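If you read the sequence shown in this note's numbering, its first letter stands for residue 106, the second for the next number, and so on.
Backbone N, C-alpha and C fix where the C-beta goes; we use that ideal spot for every residue, glycine too.
Quick caveat: nothing in here was measured; it's all calculated off a predicted structure.
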Amino acid sequence: MTNATMEDGTTGWTASGGTLSSATTVAHAGSRSLLNSGRTAAWQGPNQNVTAQLTNNKSYTTSVWVRSQSGTPGAKTTLALTANGTTSYLQLTPAQTINTGGWTQLTGTTTVSWTGTLTNASFYVETAAGTDGIYIDDASFQ
């Protein structure tokens with residue numbers, strides 16, 4: 106992943122809603138993490154385009170460290186795949202409760218497959234409910 110350690114600010118990452126910023130007050134490792142604040146829907150979160158990295162019918166292991174800015178939402182990682190004009194959503198990690206007091210690792214292994222021509226794949230972190238701000242750090246998808 107591009108800027109997986111978040112040390113290069115927001116490089117390689119975008120927000121599907123709210124504001125994405127580089128945070129220096131909390132970090133899992135190094136001196137920075139990413140904060141997605143001002144989210145207005147649970148599915149909104151920090152995301153990265155991984156289309157070029159995918160191979161059809163291959164297993165990928167996901168790991169990302171997540172922390173809440175407020176509250177205790179359930180967080181998970183999802184892959185949005187667009188092939189032949191249709192978008193489907195693949196949950197990459199089980200949802201786990203996150204909080205403000207420490208980092209929680211979301212991890213899982215999933216086989217990624219699609220039918221037709223893949224035109225977009227977006228890796229993102231979301232919450233099961235609520236719009237609490239979320240921090241992410243040390244992400245991998247390989």
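Checklist entry - With 16 other CB atoms within 10 Å as the buried threshold, where does A132 fall? => result Position 27 of the sequence shown, counted from the first residue, corresponds to residue 132. Label assigned to A132: buried.
Item to check | Closest residue to T222 among P178, E231, N161 (Cα-Cα distance) | outcome: The count along the sequence shown starts at 1 and reaches residue 222 at position 117. Closest option to T222, Cα to Cα, is N161.
Next on the checklist: Going by DSSP, what residue range makes up the beta strand (DSSP E) through E231?
Outcome noted: Residue numbering aside, residue 231 sits at position 126 when the sequence shown is read from its first letter. Residues 223–232.
Checklist entry - Alpha carbon to alpha carbon, what distance is there between T202 and G190? => result For the purposes of this step, residue 190 is identified with residue 85 of the sequence shown, where counting begins at 1. For the purposes of this step, residue 202 is identified with residue 97 of the sequence shown, where counting begins at 1. Straight through space, the alpha carbons of T202 and G190 are spaced by roughly 33 Å.
Next on the checklist: Can you find the residues in the same chain that come closer than 8 Å, C-beta to C-beta, to A109, ignoring five residues on each side of it along the sequence?
Outcome noted: Here residue 109 refers to the residue found at position 4 when the sequence shown is read from its first residue. For A109, where only same-chain residues beyond five positions count, the Cβ hits under 8 Å are D243, A244, S245.
Item to check | Alpha carbon of Y194 to alpha carbon of E112, nearest angstrom | outcome: To locate residue 194, count along the sequence shown from 1; it is residue 89. To locate residue 112, count along the sequence shown from 1; it is residue 7. Looking at the two C-alpha atoms, the distance is approximately 28 Å.
Next on the checklist: I need the boundaries of the beta strand (DSSP E) containing T182, first residue and last residue.
Outcome noted: One-based indexing of the sequence shown puts residue 182 at position 77. Residues 179–188.
Item to check | Contacts around L159, its chain only, beta-carbon distance under 7 Å, and the 5 residues preceding and following it disregarded | outcome: As a working mapping, residue 159 is identified with position 54 in the sequence shown. The residues are V217, L223, A226.
Item to check | Residue closest to T236, alpha-carbon to alpha-carbon, out of P151, T130, A134 | outcome: Stepping through the sequence shown from its first residue, residue 236 is reached at position 131. Out of P151, T130, A134, P151 has the C-alpha closest to the C-alpha of T236.
Item to check | Where A147 falls: helix, strand or coil (DSSP) | outcome: Taking the sequence shown and counting its residues from 1, the one referred to as residue 147 is at position 42. Look at A147 here: in three-state DSSP terms it is coil, with no helix or strand label.
Checklist entry - Cβ of A128 within 8 Å of Cβ of Y240? => result Translated into positions along the sequence shown, residue 128 becomes position 23. Translated into positions along the sequence shown, residue 240 becomes position 135. Taking 8 Å as the Cβ cut-off, A128 and Y240 qualify as a contacting pair.
Item to check | CA-to-CA distance, G238 to T209, given in whole angstroms | outcome: As a working mapping, residue 209 is identified with position 104 in the sequence shown. As a working mapping, residue 238 is identified with position 133 in the sequence shown. Near 15 Å, if we compare the C-alpha coordinates of G238 and T209.
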